[in-house]
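Engineer:
Residue numbers (my numbering): 6 to 163.
1) How many Å lie between residue 159 and residue 95 at the Cα?
2) Should residue 56 go down as buried or exposed, given a rule of 16 or more other Cβ atoms within 10 Å for buried?
3) Between which two residues does the alpha helix (DSSP H) containing residue 86 stretch?
4) Let's test the definition: count the other Cβ atoms within 10 Å of the Cβ of residue 45 and tell me whether it reaches 16, buried, or not, exposed.
5) Within a Cβ cutoff of 6 Å, which residues of the same chain sit near residue 43, ignoring the five residues on either side of it in sequence?
6) Is the beta carbon of residue 50 sitting closer than 8 Å to the one on residue 68?
7) Would residue 114 and residue 128 be called neighbours here (beta carbons separated by less than 8 Å)?
8) Per DSSP, residue 68 is paired with what?
9) Report the three-state DSSP secondary structure of residue 111 (helix, strand or coil).
10) From residue 153 to residue 135, what distance separates their C-alpha atoms?
11) Hey, quick one: how far does the alpha helix (DSSP H) through residue 26 stretch, first residue to last?
12) Check whether the Cβ atoms of residue 65 and residue 15 lie closer than 8 Å to each other.
13) Give the straight-line distance between the Cα atoms of residue 143 and residue 41, rounded to the nearest whole angstrom.
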């Protein structure tokens, strides 16, 4: 087991972000869940994320050196918020939708509570897209795991 560089938490309800929906729905392929913890890579860091109904506990397990022109964040929490696109509240957005008159949309909102679009690294997104057009998801995950471009993921979770 790797000793974390940092341990902290982000206060957020599962109605605003639900890791099981966001990380396992095919938006990204470099995350793996083991027991109650998600392991993956965000930019140049290896993260471990655990969620309860009110917060996400996170550990930064490893940080790779990066070039000076990589985007910098004032804190690890700011980086996590950026990746999960948390600058707006889903609750506020839903309040502006006409859910009472649209049962289909209302059902979708309930069924997919906590689902967000990830702000993924553009290169990772491109490679995943190109690879996915010729593969099924299990094979894609296997290919990405074996790729040198995603070596950080292998270091964190094997």
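Yeah, the Cβ is synthetic: ideal placement off N, Cα and C, and Gly gets one too. Bear in mind the structure is a predicted one, so any value in this text is a computation, not a measurement.
Structural biologist: Taking the definition as stated:
1) Any reading at residue 159 must be qualified, since the residue scores a pLDDT of 48, below 50, and its modelled position is unreliable; the value itself is stated next. Taking the straight line from one Cα to the other gives about 33 Å.
2) buried
3) 81-88
4) buried
5) 24, 28, 36 and 54
6) yes
7) no
8) 50
9) helix
10) Residue confidence is low: residue 153 scores 49 on pLDDT, short of 50, so the model does not pin down where it sits. Its coordinate-derived value is still stated next. So the alpha carbons of these two residues sit roughly 16 Å apart.
11) 24-27
12) no
13) 21 Å
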